[in-house]
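One line per chain: the protein sequences are E and S, in this order. Residue numbers for the first sequence follow this note's numbering, so the first one is 1 and each next one is one higher. Residue numbers for the second sequence follow this note's numbering, so the first one is 1001 and each next one is one higher. Built from N, CA and C at the ideal position, the CB exists for glycine as well. The structure presented is a predicted model; accordingly, all values stated were derived computationally and were not measured.
Protein chains: 2
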Amino acid sequence: MSGENGRLTSGERFRVEYLLQGDEAAARATAREVCVEQTVEFPEDLLPRGPIPDEVVGRLESLVPAGPGRWRAEVSYAVETAAGELTQLLNVILGNSSMRPGVRVERFVLTDSLLAAFPGPRFGRAGLRRLTGVERRPLLCTALKPMGLAARALAEQAHAFALGGMDLVKDDHGVTDQRFSPYAERVPRCAEAIARANARTGRSCLYVVNVTAPVDQVLERAHLAKRAGAGGLMIAPALCGFDTVRLLAADASLAMPILSHPTFGGSYVTSPQNGMSHAVLYGHLPRLAGADATIFVNYGGRFPFSREDCAEIARASAAPMGRLPAIFPAPGGGMTAERIPDLLEVYGRDFLLLVGGGMHRLGPDLTENARRLLQLAEGM
Amino acid sequence: MSGENGRLTSGERFRVEYLLQGDEAAARATAREVCVEQTVEFPEDLLPRGPIPDEVVGRLESLVPAGPGRWRAEVSYAVETAAGELTQLLNVILGNSSMRPGVRVERFVLTDSLLAAFPGPRFGRAGLRRLTGVERRPLLCTALKPMGLAARALAEQAHAFALGGMDLVKDDHGVTDQRFSPYAERVPRCAEAIARANARTGRSCLYVVNVTAPVDQVLERAHLAKRAGAGGLMIAPALCGFDTVRLLAADASLAMPILSHPTFGGSYVTSPQNGMSHAVLYGHLPRLAGADATIFVNYGGRFPFSREDCAEIARASAAPMGRLPAIFPAPGGGMTAERIPDLLEVYGRDFLLLVGGGMHRLGPDLTENARRLLQLAEGM
């Protein structure tokens, strides 16, 4: 397969930064093992000489201290190892090393040629602002809950929230196709309810449908949502695979904004020494896969995400990434009037604020609750 | 949606056992929060009275000590919450609680009605023994590597291994559709090479093809493998989603045995306090999804899986699970003559031994290396 010059690859390489533990010798040994594990997974001394060890095996580009007993290793990989597949790219980036404690992916930088293999976000921040007609303030989103309510009751809720001024109203991530509110009944009812509210308010509230589903039903459900008049899709990449986000984003006949949901994936970030950084799991990866907004749990809520974890996600959602547009960080929870100055400091004005069960805490009139939240946001 | 009796559900409930941290009061509070988080995700005091809190919210069935500062909570959920979807079942079992340190899924027990929603393993241990013609000893499997070799070279390797007596020869999990050895060229070549060896030996070595791929290409690649004469499929559920295993297992026009691969999923088990147990990630889940063998890393190798972790996987692969047959645990690595007695003690004779790069360590003649491994196995 090698060309006339004996090369196997173009020479273009993407880079992954790993956080490693131990003293310098241990970290260097781990880094070398990662280079092999993530590519050839083969005894190095038995590799045939030539382009496989020279090009295909990962290359340790640098190893620098990152605190006491911690090291930052930059490893480069030939773009060809990823085969232009999101699944295989993730396999090279973390793959078997996910089973190795003390190896954590901190960030990655792809080449333009590799980025070109992925559609990226179709809307991004600018597109979502255009669709919702919200120019400067944070976007407001809530969820239809609790699971167990009938489709008709969820549609009433949707109507009330849209009437009050929410910009996006989404399905709860646990509501899929239960007999309490079957998908084929719920989605048209909620879409109609929100369209009716929009006709009254003149606003453009988007109904965002949860299409987290058996893999062979995701596209079908998304197209049903589109036909019903829904305005967006939500999917949980840890349940369906990140590549399913890519599949939805790439579908020009859908052309709907996508929210990624963090359920089932938290194990990648619960340890500061393993898995991935918050920036990678909630920033780089959803954006690369094509999500337009990335939901995660806000600091100061019922999950232990720190303020810095959240700031890191916000930065990753907008940092330069080839031609890919910035996407919205979508922190869930923790919205009270007193917290607004700090939220603005962490996220700026470019975020999508998700208020779920908390919308019901303010009183029984959901339209009024949405109005109050909108007033807060308009003051931001 | 409630029937005449005001009920929302059938009353059938499945059970999940969580390992929790802290003193008894803290563990009980966490358990209660899990019951809510995994279902309605809604302020409990604001739920409408009646069947939603009574039936839809998870129910803490028991809380018992599990060591100093550790508790075992058994929570039951209405089967209807899972909607007969593997994706949603995983969402109820772990979902958002994956973001919460100190909550770990230890095991789960489904009802027969819920199990009936999933095809389960088509072959299991008995089916794989029938296909390979191996009656009593452990099955032997190796991988075609390293990434970077051309299809022709990989096919030669496949031929040599099959000639020497390997029962399964699989693609390396990092080899997908790279330009070094494109899928459409590699798979027919390797299948043909193994068929040629089988014709000579009279054995039934299976070529197991890696179909870990962009989600919209998985089935297409699997059918190409089938047409080419391959004998099995391998897929990484953490990359493609567990439901993709279900999709492959359910496809009667394929009817090929499936090996699940652990790449990218290790973050669920790297901490003993979070994520899932080894039994769940490598035992219950692949089996429920329909894998016939579950690959994981053997104890004493380059990853820190303990002997007890591996024994737990082996037990989960065969423990009663409704109508689902037992599947093969497939430990990778660590096979030397001296270790055989201990391997037999942990796994019995019912396992699939995966030897990857180590097959090349024994010398340049791969057929001879396979013969030596087969002799060891036949002595088991």
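- With contacts defined by Cβ atoms closer than 8 Å, E/L144 and E/D167 do not form a contacting pair.
- Runs of the alpha helix (DSSP H) lying entirely within the region 84-128 of chain E, each at least 4 residues long, are 86-93, 112-115 in chain order.
- In the same chain as S/E1044, and ignoring 5 residues on each side of it, the C-beta atoms closer than 6 Å to its own belong to V1036, in chain order.
- Check the Cα spacing between S/D1054 and each of S/R1072, S/Y1018, S/N1096, S/L1008: the tightest is with S/L1008.
- Along the region 294-324 of chain E, the positions whose C-beta sits under 9 Å from a C-beta of chain S are F296, V297, R302, F303, P304, F305, read in chain order.
- Against chain S, the beta carbon of E/K145 has neighbours under 9 Å at V1040, E1041, F1042, listed in chain order.
- In this structure, the alpha-carbon of S/Y1207 lies about 15 Å from that of S/E1185.
- When secondary structure is reduced to three states using DSSP, S/I1052 falls in the helix class.
- In the three-state scheme derived from DSSP, where H, G and I count as helix and E and B as strand, S/I1340 is classed as helix.
- Considering only S/V1092, S/A1191, S/C1240, S/G1067, the residue with the shortest C-alpha distance to S/Y1077 is S/V1092.
- For the C-beta of E/A83, the chain S residues within less than 7 Å are, from N- to C-terminus, T1176, D1177, Q1178.
- In the pairwise beta carbon analysis, the region 69-88 of chain E is classified as touching the region 20-40 of chain E: at least three pairs are separated by under 8 Å.
- Here S/M1321 carries a strand assignment [DSSP, helix/strand/coil].
- CA-CA distance, E/R221 to E/F305, rounds to 32 Å.
- For a Cβ distance threshold of 9 Å, nothing in chain E lies close to S/Q1157: the least Cβ distance comes to about 12 Å.
- Taking a contact to require three or more Cβ pairs closer than 8 Å, the region 217-231 of chain E and the region 1057-1067 of chain S do not qualify as touching.
- Neighbours of E/N198 in chain S, taken as residues at a C-beta separation under 7 Å, are lacking, since the least C-beta distance is about 26 Å.
- Cβ proximity to chain S below 9 Å picks out nothing from the region 10-26 of chain E.
- Residue-level contact check: S/H1278 does not touch chain E, since none of the beta carbons of chain E fall below 8 Å from its beta carbon.
- For E/T294, the enclosing beta strand (DSSP E) starts and ends at 293-297.
- The beta carbon of E/S267 falls within 8 Å of a beta carbon belonging to chain S, placing the residue at that interface.
- The three-state secondary structure of E/D350, taken from DSSP, is coil.
- With respect to chain E, the C-beta atom of S/M1359 has no partner C-beta closer than 8 Å.
- Inter-residue distance for S/G1379 and S/P1138 is about 10 Å (C-alpha atoms, whole angstroms).
- The closest CA to that of S/P1182, considering only S/L1154, S/G1164, S/L1163, is found on S/L1154.
- Taking 8 Å as the upper bound for CB-CB distance, S/G1265 and S/P1286 are not in contact here, some 10 Å apart.
- Classified as buried, E/P146 has 16 or more neighbouring CB atoms from the shown chains inside 10 Å of its CB.
- If you draw a 10 Å sphere on the C-beta of E/L247, you find 16 or more other C-beta atoms in it, and that means buried.
- Note on the region 1176-1227 of chain S: whole beta strand (DSSP E) runs with a minimum of 3 residues are 1206-1210, in chain order.
- Of the residues assessed, E/A25 falls on the exposed side of the cut-off, its CB having fewer than 16 other CB atoms within 10 angstroms.
- Proximity to S/A1073 across S/E1017, S/V1034, S/V1269 peaks at S/E1017, based on C-alpha coordinates.
- Taking one beta carbon from each stretch, the region 86-102 of chain E and the region 248-264 of chain E have fewer than 3 pairs nearer than 8 Å; the two do not touch.
- CA-to-CA, the gap between S/E1308 and S/L1281 works out to about 15 Å.
- For S/N1096, the CB contacts under 6 Å within the same chain, skipping 5 residues up- and downstream, are E1037 in chain order.
- Looking at the DSSP output, E/C240 sits in no beta bridge, so it has no partner there.
- Residues of the region 52-75 of chain E with a Cβ closer than 7 Å to any Cβ of chain S, in chain order: I52, V56.
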